[in-house]
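Novice: For reference, each letter of the sequence shown is one residue, going 1 to 339 in full-length UniProt numbering.
Please read through the structure below; I'll follow up with questions.
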Amino acid sequence: METKIYKANEIDAAAQDIVDGKLVSFPTETVYGLGADATNESAVKQVYAAKGRPSDNPLIVHVDGPEMVKTYAQPLSAEAQKLLDTFWPGPLTIIFNLKPNVLSKTVTGGLDTAAFRNPNNQVTLSLIRKAGVPIVGPSANTSGKPSPTIAEHVYHDLNGKISGILDDGECQYGVESTVLDMSTDQPAILRPGAISAEQIEKVINKPVLDQRVKVADSQVPKAPGMKYKHYAPNAQVYVVDSPDDWKDAAEWAKKQDHNVGVMAVDDELKSIDWPDNVETYSLGNDVLTASHALFAGLRYFDNDSTVKSIFAQGFATNGIGEAYMNRLNKSAGQKHFKA
Ligand code: TXA
Ligand code: MG
Numbered sequence: 001m002e003t004k005i006y007k008a009n010e011i012d013a014a015a016q017d018i019v020d021g022k023l024v025s026f027p028t029e030t031v032y033g034l035g036a037d038a039t040n041e042s043a044v045k046q047v048y049a050a051k052g053r054p055s056d057n058p059l060i061v062h063v064d065g066p067e068m069v070k071t072y073a074q075p076l077s078a079e080a081q082k083l084l085d086t087f088w089p090g091p092l093t094i095i096f097n098l099k100p101n102v103l104s105k106t107v108t109g110g111l112d113t114a115a116f117r118n119p120n121n122q123v124t125l126s127l128i129r130k131a132g133v134p135i136v137g138p139s140a141n142t143s144g145k146p147s148p149t150i151a152e153h154v155y156h157d158l159n160g161k162i163s164g165i166l167d168d169g170e171c172q173y174g175v176e177s178t179v180l181d182m183s184t185d186q187p188a189i190l191r192p193g194a195i196s197a198e199q200i201e202k203v204i205n206k207p208v209l210d211q212r213v214k215v216a217d218s219q220v221p222k223a224p225g226m227k228y229k230h231y232a233p234n235a236q237v238y239v240v241d242s243p244d245d246w247k248d249a250a251e252w253a254k255k256q257d258h259n260v261g262v263m264a265v266d267d268e269l270k271s272i273d274w275p276d277n278v279e280t281y282s283l284g285n286d287v288l289t290a291s292h293a294l295f296a297g298l299r300y301f302d303n304d305s306t307v308k309s310i311f312a313q314g315f316a317t318n319g320i321g322e323a324y325m326n327r328l329n330k331s332a333g334q335k336h337f338k339a
């Protein structure tokens, strides 16, 4: 089966695939998702198979608005309602307690909760409406690889394994949504994303826990997905924390008998006379453009098997920098360059 590319004027055909229990990749403002009818058990099972995703890692349920959530979730708290009013549609995924027996264990990984997200992409909102069902969607990459930010990335990983890809160009943010657990009295961020803890705290007027530290060590992490190897290209990635380190990184690269990739903002790229065995990839000019370009850059170097090491620029962990560094540290297996 050759995977079809649907353009934005072919949403009807894509929606029919979803209704027929087939898999369609859909665009969002964060990354491309791998979609299936959330109410169709066998379709949802195929999502895990196509990605090679461990079955204990639950999926996000994408909805066309708050009404669809109410069909599945227990009544929302006033705080939760405020969050939806403020951030939806947008890159905030919220975990709610479920009504009994409304979603299959395949979707929830056997939990009594589910993650809901109302993506800010008109094509996908229209897809959900036309299909008439919520659409589950992990990121549309092979498990362990960087998330896809253009339709070509999805095609590279999943051609032949899914029915279609709904192509709406480049994703705006390039890093996945913030995952916020609202299923207990203590709101907690399970995955940083484009919406920061400070933004959330302002709206609900109460502190938001950061549960990622616990998640990393515990056997049963709150967000099961956080325990797996993630975003890893073929080459070994090293984070370069300070601009002062680029000179030493270039020296190190020069001594290697393999090619080295460098991902940094234009000012850093221009500041160094790179040796011949270095190939550069621009992260634009700040942390926002870098977040947008990170996964595409990691994938770019996968096309060249002679590149065996990648240096990637680190940023301060405020605003979207927190999500950027979370993804970059994972792709680097926490390895940082030291001169
Ligand atoms: O931006 C995004 O969120 C993208 C686009 C496609 O919407 N989706 C995405 O999905 O990143 P995925 O499956 O790659 O990541 C979902 C994360 C995983 O870490 C998963 O373990 C966690 O959310 N998760 C899902 N349901 C959960 C639940 N009920 N409780 C705790 N964590 C949950
Ligand atoms: Mg993912």
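We put the beta carbon where it would ideally sit given N, CA and C, even for glycine.
Just so you know, these numbers come straight off a predicted model, no measurement behind them.
Pull up the distance between the alpha-carbon of I5 and that of P58, whole angstroms please.
Specialist: Taking the first residue of the sequence shown as 1, we reach residue 5 at position 5. Taking the first residue of the sequence shown as 1, we reach residue 58 at position 58. Roughly 27 Å between the two C-alpha positions.
Novice: Just mark Q211 as buried or exposed, buried being the case when its beta carbon has 16 or more other beta carbons within 10 Å.
Specialist: Here the question's residue 211 lines up with position 211 in the sequence shown. That one is buried.
Novice: Among residues of its own chain, excluding the 5 on either side of G261, which ones have a beta-carbon nearer than 6 Å to its beta-carbon?
Specialist: Counting from 1 along the sequence shown, the entry for residue 261 is found at position 261. Contacts found: E279, F301, V307 and I310.
Novice: Which residue comes first and which comes last in the beta strand (DSSP E) that contains K308?
Specialist: Your numbering for residue 308 matches position 308 in the sequence shown. Run containing K308: V307 to Q313, per the beta strand (DSSP E) assignment.
Novice: Could you check what DSSP says for Y300 in three-state terms: helix, strand or coil?
Specialist: Position 300 of the sequence shown holds residue 300. Here Y300 sits in helix by DSSP.
Novice: Report yes or no: do three or more beta-carbon pairs, one from the stretch 136 to 151 and one from the stretch 65 to 74, lie closer than 8 Å?
Specialist: no
Novice: Determine whether the beta carbon atoms of A290 and L283 lie at a separation below 7 Å.
Specialist: Position 290 of the sequence shown holds residue 290. Position 283 of the sequence shown holds residue 283. Cβ distance < 7 Å, so A290 and L283 count as in contact.
Novice: Measure the C-alpha to C-alpha separation of S259 and N40 and round it to an integer number of angstroms.
Specialist: Position 259 of the sequence shown, counting from 1, holds the residue named residue 259. Position 40 of the sequence shown, counting from 1, holds the residue named residue 40. Contrary to the premise, residue 259 reads as Asn rather than Ser in this sequence. So the two alpha carbons sit approximately 47 Å from each other.
Novice: With DSSP as the reference, label S218 as helix, strand or coil.
Specialist: Here residue 218 refers to the residue found at position 218 when the sequence shown is read from its first residue. In this predicted model, S218 has a pLDDT of only 39, less than 50, meaning its place in the structure is not dependable; the value taken from the coordinates is given anyway. In the structure shown, S218 adopts coil according to DSSP, grouped into three states.
Novice: Give me whichever residues DSSP pairs with K4 in a beta bridge.
Specialist: Counted from its first residue, the sequence shown places residue 4 at position 4. Here K4 is bridged, per DSSP, to G164.
Novice: Closer than 6 Å between the C-beta and any heavy atom of ligand 2: which residues qualify, listed along the chain?
Specialist: Counting every residue whose Cβ lies closer than 6 Å to a heavy atom of ligand 2, we get P138, S139 and S147.
Novice: Would you call H230 buried or exposed, if buried means 16 or more other Cβ atoms sit within 10 Å of its Cβ?
Specialist: One-based indexing of the sequence shown puts residue 230 at position 230. The residue is buried, with at least 16 neighbouring Cβ atoms inside 10 Å.
Novice: Are the C-beta atoms of F87 and some chain C residue less than 7 Å apart?
Specialist: Protein chains in the displayed structure number just one, and chain C is not present.
Novice: For M1, count neighbouring Cβ atoms within 10 angstroms of its own Cβ and tell me buried if that reaches 16, exposed if not.
Specialist: For the purposes of this step, residue 1 is taken as residue 1 along the sequence shown, with counting starting at 1. Per the 10 Å Cβ criterion, exposed.
Novice: Could you please give me the residues that DSSP links to residue 345 through a beta bridge?
Specialist: The requested residue 345 does not occur in the structure, where the chain is confined to residues 1 to 339.
Novice: Taking 6 Å as the cut-off, is the CB of E170 close to at least one heavy atom of ligand 1?
Specialist: For this step, residue 170 is matched to residue 170 along the sequence shown. E170 Cβ: outside cutoff for every heavy atom of ligand 1.
Novice: For the stretch 182 to 199 and the stretch 76 to 93, state whether three or more C-beta atom pairs, one from each stretch, are separated by less than 8 Å.
Specialist: yes
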